[in-house]
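These notes concern the structure reproduced below.
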Amino acid sequence: MNAIHAEASAYEGAVRKLRRTFIAVALFSAAVNILMLTGPMFMLQVYDRVLASGSVPTLQALYLIVLVLFVFLGVYDFLRTRLMSRASYRLDQMVGKPAYDIWVRSALQETPALGRPLNDLAVVRGFLPSPSMLGFFDLPWIPLYLAVVFYIHAWLGWLTVAGLSVVLVLALANQWSTNRHHAKAMQMDGTESFFVEQSRRNAEAIVPLGMASRVAGKWADMHHDGLATGQVGGDRAEGFAAASKAFRMLLQSTLLGLGGYLALQQEISAGMIVATSIIAGRALAPVDQVIGQWRNVVRAREAHRRLKTAFASVPAMKPIIDLPPATGHLKLAGVTKLPGDRRADRPPILENVSFRLEPGDAVGVIGPSASGKSTLARILVGALLPDQGEVRLDEATLDQWSEEALGRQIGYLPQKLELLSGTIRDNIARFDGDAQDEDVIEAARIAGVHEMILQLPDGYATQLGFGTAPLSGGQLQRIGLARAIFGKPRYVILDEPNSNLDAAGDDALSQAIVTLREQGSTVVVMAHRPSAISAVNKVLVLHSGRVAEFGDKEEILQKSVRPSRSRPTSTIEGV
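Counting in our numbering, the final residue of the sequence shown is number 595, and the numbers go up one at a time with none missing.
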C-alpha cells in the first residue's frame, strides 16, 4: 500500500489501535467505581455497628480496611488517567505527520479545507485525558449505584431514578440547545484565524496604505460575532450546568429527608440515610460532570468528525513502479482546466493546451494577465490536476511517478515564493538531510547566488524564518531559483522568475537557463518581462487560456511585431 492510501485510513486505524488502552481504562474504571462504595459503606458500618457496639477495635479494623481500599482507589484512578494521557500522545505520534501532510496538501485544493487537522488533533488529544472523557467511562456504572440504593430501600431507589431521569433530560436539552451555536462558533473562529494570518502576511501593504485601523475594525467585528455566537451556546450550557448541579443538591437533601422519614418508621437505619445520600450523589456525578464540560465534549466531537472526514478524503493512488530517470521529453495533450466553481457562464482557465518539448528546449510562455500562465505552471508540476487532457514526462503521466521520484525530476519556482524556516542550505537542498554540500553550492552557482550568500553573516548557515532579518524579494527569488535547479532536474518550471530581479539578476537568470539547456533539461518560463525569455529557443503565446502561437522564438516574435513596426516594443501583451 502506498503512503497516501495509508494516510487515508491512518486516523481511524490509530483510534482502533487505542482500543486495548480504552479496554484497560474501562477495567480500571470498573475497579474505581466499585471502590467508590468504600466511603458510604464505611459510614454505614460506623453509624450502625461501631456506635451501636461502642467497639474501638472494630472501628480500627474497619479503618485499616478502608485505608487499603482507598490506596487501591487512588492507584487505579491514577492509572486510568495516565493511560488516557499516554493514549493521547500515542494518537498524536501516529497521525500527527499525516495530519500535517493533509493540511499542507489542502492548499492545492480548489475547495476550502474542512477544518485544520493539526488543530483538531490537538483538541482530541487534549480531550482524551480530561475529566469529561473519564466521565463517559463512569456512566455505565450508574446502575450499580442504583442497585445499591434499591437494596437499601425501594422508595429511595425510585426517587434516585426519578432524579437521574431529570438530570438526563437536562443533559439532552443542553445538547439540543447548544450544539448549533457551538458548531457555528467554531466555524467562525476558523474564519477569524485565517483572516488574522492573512493580515499579518500582508502587513507591509496594510500599514503603509493606512488600512490598519479599518482591517482591525473588520477583525473586531468578526471577533465580536464569533464571541457572541459562542456566548449564546455558553450561556445556555452554563444555565443547564447550574440547574443540574442545583437539582443534584436538592435531590440529595430530598433523599436525606425521605431517608429520615423511613428511619423514623424503623424501615432503615441511621447509617443507611447517609450512605444513600452519598451513593445517589455518586450515581449522578458522571452525568453532572459531562454536562458541566459539554462545550469541550462538543468541540472534541466536531474535531473527531472533521479528522475522520479529512483523512477519508485523501484519494488513494494507483500502484507505482520505479521508472527510469527521465530524459527531458515533455508533452501536453488537450489540457483543459475549468474554474473552481464550475459555473457555465465562466470560460475555462485553460482550454485544449497542447505542445511538445525535447530535451534542451526552453519555452517562454507569454500572454496578458489572467491568460492562464500560472495555472499552466501548476499543472506542469502536478500541483493542479487538469479536468481534461494529460501531461506526460517521457511518455509517462505524472501519477505514474512516485512523489519522491517526480520531485527529483522537477524544479519549480512558483510566482508566490516563501522560503521555509531553516538555513539557506536547507532551503536550497529541499530539506534533504543526505544532500551533499557540493551539490548545494553548484545549484547556487548556476543560479548566480553563491557570492551573495557568502556575503550574509552566516553564509549558507544563515537562518530564515521567524525572528530573523528578512531577505529582499530579489534575494529570495534567486535562492528559490537555486532550490528549483538543485539536483539537476530534467524539467524546470519558472513562474515569473525575474519579477523581483535587477539587471544583474536578469543576467544570472538567463545564464542559468542556458546552463540548464546545456545539461539537457527542459525549461518552461512564464514571463511578463522580455528579459525572462532571452535565453529560450521557443515561445508559446497564451490568450484567454488558449494557445495562440507556438514555435521558434524568432519566428513568433517577428510575427508579433510585423503589423506594427512603428512601435518600439512587442505587441504581445505581457512582453
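Every residue gets a Cβ at the ideal spot worked out from N, C-alpha and C, and that includes glycine. Note that the structure is a prediction, hence the values are computed from the model and not measured.
Discussion item. Quick check for students: name the residue ranges of the alpha helix (DSSP H) that lie wholly in the stretch 136 to 211, counting only runs of 4 or more.
Written reply: 137 to 147, 151 to 158 and 162 to 172
Worksheet item: Using 8 Å as the Cβ pair cut-off and three pairs as the minimum, do the stretch 492 to 502 and the stretch 428 to 444 touch?
Response: yes
Fill in: D308 vs R268 beta-carbon contact at 8 Å
yes
Practice prompt. Express the C-alpha separation of E516 and G594 in angstroms, rounding to a whole number.
Written response: Any reading at G594 is ruled out, since the residue's pLDDT is 41, under 50, leaving its predicted position unreliable.
Practice prompt. Tell me, please, which residues DSSP counts as bridged to I533.
Written response: According to DSSP, I533 bridges with nothing at all.
Worksheet entry | Same chain, Cβ closer than 8 Å to S530, neighbours up to 5 away in sequence not counted | S551, S554 and A555
Worksheet item: Under 8 Å between the Cβ atoms of A346 and D414?
Response: yes
Worksheet item: Quick one: Cα of A568 to Cα of D241, how far?
Response: 47 Å
Practice prompt. Compute the distance between the beta-carbons of V385 and A547, then report whether it is under 8 Å.
Written response: yes
Worksheet item: Could you give the distance in angstroms between the alpha-carbon of K573 and the alpha-carbon of A382?
Response: 10 Å
Practice prompt. Run the CB neighbour count on K393, radius 10 Å, all protein chains shown included, and call it buried at 16 or more, exposed below.
Written response: buried
Worksheet entry | Rounded separation between S441 and S492 - CA only | 16 Å
Worksheet item: With a Cβ-Cβ cutoff of 8 Å, do L111 and V144 count as a contact?
Response: yes
Worksheet entry | Proximity below 8 Å, CB of T58 to CB of V86 | yes
Fill in: Three-way DSSP call (helix, strand, coil) for V334 in this model
coil
Discussion item. On a Cα-Cα basis, can you pick out the residue from A232, L190, A330 and W161 that is closest to A119?
Written reply: A330
Discussion item. If you reduce the DSSP assignment to three classes, tell me which class M242 lands in.
Written reply: helix
Worksheet item: Short check: CB of T41 to CB of L103, under 8 Å?
Response: yes
Practice prompt. Please list, in chain order, all residues of the same chain as P359 whose beta carbon is under 7 Å from its beta carbon, the five residues on each side excluded.
Written response: R366 and I369
Worksheet entry | DSSP-derived helix/strand/coil call for S264 | helix
Worksheet item: Since A300 contacts L271 with CB under 8 Å, what's their CB separation in whole angstroms?
Response: 7 Å
Worksheet item: Going along the chain, which residues of its own chain have a beta-carbon closer than 7 Å to the beta-carbon of A455, five neighbours each way excluded?
Response: A449
Worksheet entry | Nearest-angstrom Cα separation, counted from D452 out to V18 | Residue 18 lies beyond the residue range present for the chain, which begins at 21 and ends at 595; the question has no answer from this structure.
Worksheet item: Short check: CB of R302 to CB of M61, under 8 Å?
Response: no
Discussion item. Less than 6 Å between C-beta atoms, sequence neighbours within five positions excluded: which residues of the same chain meet that for D209?
Written reply: G246
Discussion item. Check whether the stretch 517 to 525 and the stretch 340 to 354 touch, using three or more Cβ-Cβ pairs below 8 Å as the test.
Written reply: no
Worksheet item: Which residues bound the beta strand (DSSP E) around G291?
Response: Note, G291: premise wrong, no beta strand (DSSP E); alpha helix (DSSP H) at A290 to G312.
Item to complete: Could you name the residues that DSSP lists as bridge partners for A416?
Response: L413
Worksheet item: Just how far apart, CA to CA, sit W178 and V95?
Response: 34 Å
Practice prompt. Taking all protein chains shown into account, decide if A26 is buried (16 or more other Cβ within 10 angstroms of its Cβ) or exposed.
Written response: Unreliable positioning characterises A26 in this predicted model, as indicated by a pLDDT of 43, which lies under 50. The coordinate reading is nonetheless provided below. Looking at its Cβ environment, which holds fewer than 16 other Cβ atoms inside 10 Å, A26 is exposed.
Worksheet entry | Rounded C-alpha distance that separates V543 from A463 | 15 Å
Worksheet item: So what does M546 bridge to, in DSSP terms?
Response: V385 and D515
Item to complete: Could you round the C-beta distance between L64 and V70 to whole angstroms and report it? I think they count as a contact, below 8 Å.
Response: Not a contact, Cβ separation roughly 10 Å.
Worksheet item: Among the residues of its own chain, which have a CB less than 7 Å from the CB of A205, if the five just before and after it don't count?
Response: G246, T249, G250 and G253
Worksheet item: Where DSSP assigns a beta bridge to G431, which residues make up the other side?
Response: V512
Worksheet item: Where do the ends of the alpha helix (DSSP H) carrying R125 lie?
Response: V76 to R125
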